[in-house]
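Residue numbers (our numbering), protein chains in the order written: chain B, 1 to 110; chain U, 111 to 225.
Notes for the one structure printed next.
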């Protein structure tokens, strides 16, 4: 089983739609969780950290479920500019060793 | 701040040649990471440093790969000899290191093609 698993997609959604991605992780000792965004031929950039209580940043909401060992990302009112690959990132135990999922591709259609 | 700087941005070389990738982290960041990204395997951590000391190199594929950080503002990743399967995008990232919850900042990457 991979340490961090994501549905690769692609998710093709119309503008204005709501879309959700899930990511599962295998190490119950993981402490840090992130969503990164990667545009084509660019470096990954932090979208948001994921906190135990859940957190929201504008149209983006991230949730953490420790019991089931998954994190989620919800995007509301999708924009064309949201088209990208979304990477789930989890640290290994209490270390600085970060494990990246292979990413979920999102394409928002006009 | 200039962000993480990597050079070269593109490298094309022939099998068997030595390749050296360079990285300058963000000033004041204590952690430096080297990643490799391919279509097949995604983004993989190769090695990371804390205060110039290698902490975990378990992701380094084999002895052909080596990484150094002689000072806080410079790191190299060397492949010798290079092979076609080393073709990938290599990213360097740095982090302040005050907490594992700190984000990493990535450089633009080096696109390596080994013929």
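All residues carry an ideal CB built from backbone N, CA and C; glycine is no exception.
Exposed or buried, which one is residue i when buried takes at least 16 other CB atoms within 10 Å?
i, result
"residue 124/U", "exposed"
"residue 220/U", "buried"
"residue 225/U", "exposed"
"residue 112/U", "exposed"
"residue 50/B", "buried"
"residue 163/U", "exposed"
"residue 121/U", "buried"
"residue 14/B", "exposed"
"residue 81/B", "exposed"
"residue 48/B", "buried"
"residue 78/B", "buried"
"residue 152/U", "buried"
"residue 30/B", "buried"
Just how far apart, CA to CA, sit residue i and residue j?
i, j, result
"residue 145/U", "residue 9/B", "23 Å"
"residue 40/B", "residue 218/U", "12 Å"
"residue 34/B", "residue 92/B", "13 Å"
"residue 62/B", "residue 166/U", "29 Å"
"residue 109/B", "residue 18/B", "13 Å"
"residue 139/U", "residue 178/U", "16 Å"
"residue 196/B", "residue 148/U", "For residue 196/B there is no data in the structure shown, the boundaries of chain B being 1 and 110."
"residue 141/U", "residue 42/B", "21 Å"
"residue 170/U", "residue 143/U", "12 Å"
"residue 210/U", "residue 181/U", "22 Å"
"residue 183/U", "residue 214/U", "16 Å"
"residue 44/B", "residue 36/B", "6 Å"
"residue 160/U", "residue 168/U", "15 Å"
"residue 114/U", "residue 46/B", "14 Å"
"residue 68/B", "residue 126/U", "47 Å"
"residue 2/B", "residue 134/U", "31 Å"
"residue 7/B", "residue 74/B", "14 Å"
"residue 119/U", "residue 157/U", "20 Å"
"residue 263/U", "residue 11/B", "Nothing in the structure corresponds to residue 263/U, since chain U is present only between 111 and 225."
"residue 72/B", "residue 212/U", "19 Å"
"residue 22/B", "residue 155/U", "22 Å"
"residue 192/U", "residue 174/U", "8 Å"
"residue 24/B", "residue 64/B", "10 Å"
"residue 20/B", "residue 5/B", "15 Å"
Are there three or more Cβ pairs, one per stretch, closer than 8 Å when the stretch 179 to 199 of chain U is compared with the stretch 127 to 140 of chain U?
yes
Any residues in the stretch 81 to 109 of chain B with a beta carbon nearer than 8 Å to a beta carbon of chain U? Which ones, in chain order?
87, 91, 94, 95, 96, 97, 98, 99, 100, 101, 102, 103
Assess, as a yes-or-no matter, whether the stretch 45 to 60 of chain B is touched by the stretch 103 to 110 of chain B under the definition of 3 or more beta carbon pairs within less than 8 Å.
no
Would the stretch 190 to 201 of chain U count as touching the stretch 93 to 100 of chain B if we require 3 or more Cβ pairs under 8 Å?
no
Closer than 8 Å, Cβ to Cβ, to anything on chain U: give me those residues from the stretch 25 to 59 of chain B, in chain order.
31, 32, 34, 42, 43, 44, 45, 46, 49
Is there contact between the stretch 200 to 207 of chain U and the stretch 77 to 88 of chain B, where contact requires at least three CB pairs shorter than 8 Å?
Pairwise C-beta distances place the stretch 200 to 207 of chain U out of contact with the stretch 77 to 88 of chain B, as fewer than three of them are shorter than 8 Å.
Please name the residues in the stretch 206 to 218 of chain U whose beta-carbon is closer than 9 Å to at least one beta-carbon of chain B, in chain order.
207, 209, 210, 211, 212, 213, 214, 215, 216, 217, 218
Quick one: complete beta strand (DSSP E) runs, 3+ long, within the stretch 113 to 186 of chain U?
Secondary structure in the stretch 113 to 186 of chain U: the beta strand (DSSP E) runs of 3 residues or longer, each lying completely within the stretch, are 115 to 117, 120 to 123, 129 to 134, 141 to 148, 152 to 160, 163 to 166, 175 to 181 in chain order.
Interfacial residues, the stretch 154 to 169 of chain U to chain B, with Cβ spacing under 9 Å:
154, 155, 158, 160, 165, 166, 168, 169
Report the residues of the stretch 123 to 155 of chain U with a CB closer than 7 Å to any CB of chain B, ordered along the chain.
Of all residues in the stretch 123 to 155 of chain U, 141, 152, 153, 155 have a Cβ within less than 7 Å of some Cβ in chain B.
Runs of beta strand (DSSP E) lying entirely within the stretch 31 to 64 of chain B, each at least 3 residues, in chain order:
33 to 38, 45 to 49, 55 to 57
Just by C-beta distance, which residues in the stretch 175 to 208 of chain U are closer than 9 Å to chain B?
199, 201, 203, 205, 207
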